[in-house]
Amino acid sequence: MNNATGAAIARIWNWRITVSCAALLLVVAIAAVSFGPIHIGFAEVFKTLLNLPGGATGQGRTVILQLRLPRVVLGALVGAALATSGAVYQTVFHNPLADPYLLGAASGAGLGATIALTSTHHDVTALLPVFAFGGGILAVLTSFFVSGKFFAEPNTLLLSGIAVGSFATAIQTYLQQRHSNALRPVYSWILGDLTAASWSVVGWSAIYIAIALAILFAVAKQLDGLMLSDEEAFSLGINPNRLRILAVGAATLATATAVSASGLIGFVGIVVPHLVRGVTRRVTNRSLISIALVGAAFLVLADLGARTLLSPAELPIGVITAFVGAPFFLFVLRNRRRASH
Amino acid sequence: MMTAGTITVSDLTIRFGDKTILDDINLQLPHGQWTCLVGPNGAGKTTLLKALLGTTAYSGSIQDRGTEVFKSHRRNIAFVPQSPAIPQGMSVGEYVALGRSKRDGWGKESQASRELIATILVQTSLYGMQKNFVSQLSGGEMQRALIARALAQEPDLILLDEPTSALDLHHQISVLNNIELLKERGVTIISTMHDITLAAMYAQNIVIMQRGKVLLSGSSQSVIHSPELKSAFDNRIDVFTLDSGRPVVIATKDQREDQAGNP
Chain A
724 MNNATGAAIA RIWNWRITVS CAALLLVVAI AAVSFGPIHI GFAEVFKTLL
774 NLPGGATGQG RTVILQLRLP RVVLGALVGA ALATSGAVYQ TVFHNPLADP
824 YLLGAASGAG LGATIALTST HHDVTALLPV FAFGGGILAV LTSFFVSGKF
874 FAEPNTLLLS GIAVGSFATA IQTYLQQRHS NALRPVYSWI LGDLTAASWS
924 VVGWSAIYIA IALAILFAVA KQLDGLMLSD EEAFSLGINP NRLRILAVGA
974 ATLATATAVS ASGLIGFVGI VVPHLVRGVT RRVTNRSLIS IALVGAAFLV
1024 LADLGARTLL SPAELPIGVI TAFVGAPFFL FVLRNRRRAS H
Chain B
3 MMTAGTITVS DLTIRFGDKT ILDDINLQLP HGQWTCLVGP NGAGKTTLLK
53 ALLGTTAYSG SIQDRGTEVF KSHRRNIAFV PQSPAIPQGM SVGEYVALGR
103 SKRDGWGKES QASRELIATI LVQTSLYGMQ KNFVSQLSGG EMQRALIARA
153 LAQEPDLILL DEPTSALDLH HQISVLNNIE LLKERGVTII STMHDITLAA
203 MYAQNIVIMQ RGKVLLSGSS QSVIHSPELK SAFDNRIDVF TLDSGRPVVI
253 ATKDQREDQA GNP
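So the protein sequences, as listed, match chains A and B.
Last residue of the first sequence: number 1064 in the working numbering, and the count goes up by one each step with no gaps.
Last residue of the second sequence: number 265 in the working numbering, and the count goes up by one each step with no gaps.
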């Protein structure tokens, strides 16, 4: 087999993986719209979504289009955002355990939401995303500022992110204790849920997440350069710091939007990139689209579990992702350790 | 003064905080030739390489074909570091193909590039290993993969930081022969090296550096036979000439002690 044929086969294989991931997402999404307290058949869901004759009408149609579909779409957006930004953080920081909540994004967003919930007696649900987003971005900027030299020493940035995150969590806990009446809504938000999903939430999250993912997909190939030393990257035509700022900025935008829309949902950003890399056996940033699709499918499936396992009660989705993600993560860690011996 | 066909380093000084790494360096590095920077650790060799690449701020001037290096983004320079970062999950083929990124664009590999990469893999004895992960390569294989990536880049200038350190003699010769492939194509080569005998064997020019200063520079033959060479190495070397005419530099461990005892 000559080199050109090998390259052609490799390209087809990559496309097959991407198409399979998209098909997986589609099947999971239709299943998630179909299952629930009111069961609606696959065919009926399909016809309703495509506006074909024979689709659901009345209450069934409302359940599909106004309740379940926005929730599935939001779950897919959040899953894609968290998985992709996790993969990008892992490349930029040369750390396979880096996750989207690094640099204090999640804790900052948590603090922002807590400030909103504890500072007034009015219903601030609609403003939560704005506060969470502001808190998340502010925490990341503080991490950069504290670390001083930006990317000169990635570990310094990681450590300052952890410190800023801990500080934000400390203030958040203090506020919670001071305002015990807000304990329950804050706690519920921290565990993450998609129950607030509506087309308006889907609308604004989709814009930010689409912008962030478009940037990350556009620079995905160049991220290979960040796996080398800065001098090598420079000699291959990359400005490493400019690329890092762009990649971390876009990944943080995706993370902050996801956290604002759905609270803190852990493990997606670590589990999904490892899972996809295990199957494709390729550098993480070369499978970024597949990672986004699998991340979307993973979170939609987790939300389906959250809705149905204790039905009619709901489990927080963060509990499901941690329940699946933590053992998987330990399994990956154990295998990596074995492989290195 | 800028001379056609040279990289001209004038009054180059680099400081990191209070520490002076390079102190008022003046050099002419001829294009199309192999120049070797020789000196102990801390002499400033790697910093000089990074300045030539254009990634380190400096005072003074480094002009390549009439343009200051940090202002020139079109130069095609390959950089081979002493301790490369090893990308996890990347195959040898993909790693070598990174060398084409500047010419073809990231992730876009032309048919001609693929053929060139196959040829280079054969030249560097890596053919058949292109599907292996770079993280699984031995030290010598990794060094060859780095040289292969540099060859794929088809650079005008290649900067190599200690390309033979941590290699046994067999692999040192193999890597140096691979670098010679570039010299045959007219590529300007600037490398750092500890071993002055190997430097004299391969490079046309040698620059002896110590504590951020250039002590000696010129053609390999003139530098190695210069009476000042021994003092540059604190009189701790002897230079012999073999029957073949090749010079050999040997460290003399007890030279200083002998001199101290017999003034």
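Ideal placement from N, C-alpha and C gives every residue a C-beta, glycine not left out.
Taken in chain order, the members of the stretch 92 to 103 of chain B whose beta-carbon sits within less than 8 Å of a beta-carbon on chain A are 92, 96, 100, 101, 103. Cβ atoms of residue 912 (chain A) and residue 851 (chain A) come within 8 Å of each other, at about 7 Å.
By the 16-neighbour rule on beta-carbons within 10 angstroms, residue 762 (chain A) is exposed. Take residue 169 (chain B), set aside five residues on each side of it, and the residues of its chain with a beta-carbon closer than 8 Å to its own are 141, 142, 145, 177, in chain order.
Taking a cut-off of 8 Å for Cβ pairs, the stretch 786 to 802 of chain A and the stretch 999 to 1006 of chain A do not touch, as fewer than three such pairs fall below it. Residue 1012 (chain A) carries a helical assignment under DSSP once its states are collapsed to helix, strand and coil. Remark: C-beta atoms of residue 809 (chain A) and residue 996 (chain A) approach each other more closely than 9 Å. Not a single CB atom of chain A sits nearer than 9 Å to the CB of residue 65 (chain B). Among the residues of chain B, those whose CB is under 7 Å from the CB of residue 960 (chain A) are 103, 104, following chain order. By the neighbour-count definition (other C-beta atoms within 10 Å, threshold 16), residue 897 (chain A) is an exposed residue. Beta-bridge annotation (DSSP): residue 807 (chain A) is not paired with any residue. One alpha carbon belongs to residue 194 (chain B), the other to residue 116 (chain B), and they sit about 31 Å apart. Secondary structure at residue 207 (chain B): strand, using DSSP grouped into helix, strand and coil.
Short of 6 Å from the beta carbon of residue 899 (chain A), and not among the five residues preceding or following it, lie these beta carbons of its own chain, in chain order: 906, 909. Distance from the CA atom of residue 56 (chain B) to the CA atom of residue 82 (chain B), rounded to whole angstroms, is 14 Å. Residue-level contact by beta carbon fails for residue 861 (chain A) and chain B, as no gap is shorter than 9 Å.
Beta-bridge pairing by DSSP links residue 36 (chain B) to B:191. For residue 781 (chain A), the uninterrupted alpha helix (DSSP H) run begins and ends at 781 to 785, by DSSP.
Linking residue 13 (chain B) to residue 27 (chain B) through their CA atoms gives a straight-line distance of about 5 Å. Taking every protein chain shown into account, the CB of residue 230 (chain B) has fewer than 16 other CB atoms within 10 angstroms, so this residue is exposed. Close to chain A, meaning a Cβ-Cβ distance shorter than 7 Å, are the following residues of the stretch 42 to 72 of chain B: 52, 55, 57. Counting C-beta pairs closer than 8 Å gives three or more between the stretch 882 to 895 of chain A and the stretch 815 to 829 of chain A, which meets the contact rule. Rounded to whole angstroms, residue 131 (chain B) and residue 95 (chain B) show a C-alpha spacing of 8 Å. Counting the other Cβ atoms within 10 Å of the Cβ of residue 945 (chain A) gives 16 or more, which makes it buried. Taking the beta carbon of residue 1013 (chain A) as reference, no residue of chain B falls within 7 Å; the closest one sits roughly 14 Å away.
The shortest C-alpha to C-alpha distance from residue 991 (chain A) to any of A:863, A:1042, A:775 is the one to A:1042. Contact between residue 1013 (chain A) and residue 740 (chain A) holds, since their C-beta atoms are separated by about 5 Å, short of 8 Å. At a Cβ-Cβ threshold of 9 Å, residue 218 (chain B) and residue 202 (chain B) do not count as neighbours. In the structure shown, the three-state DSSP call for residue 918 (chain A) is coil. Neighbours of residue 953 (chain A) across chain B, judged by C-beta separation under 8 Å: 57. When the Cα atoms are used, residue 36 (chain B) and residue 960 (chain A) turn out to be separated by approximately 23 Å. As far as DSSP is concerned, residue 42 (chain B) takes part in no beta bridge. Under the Cβ criterion of 9 Å, residue 995 (chain A) is not counted among the residues facing chain B.
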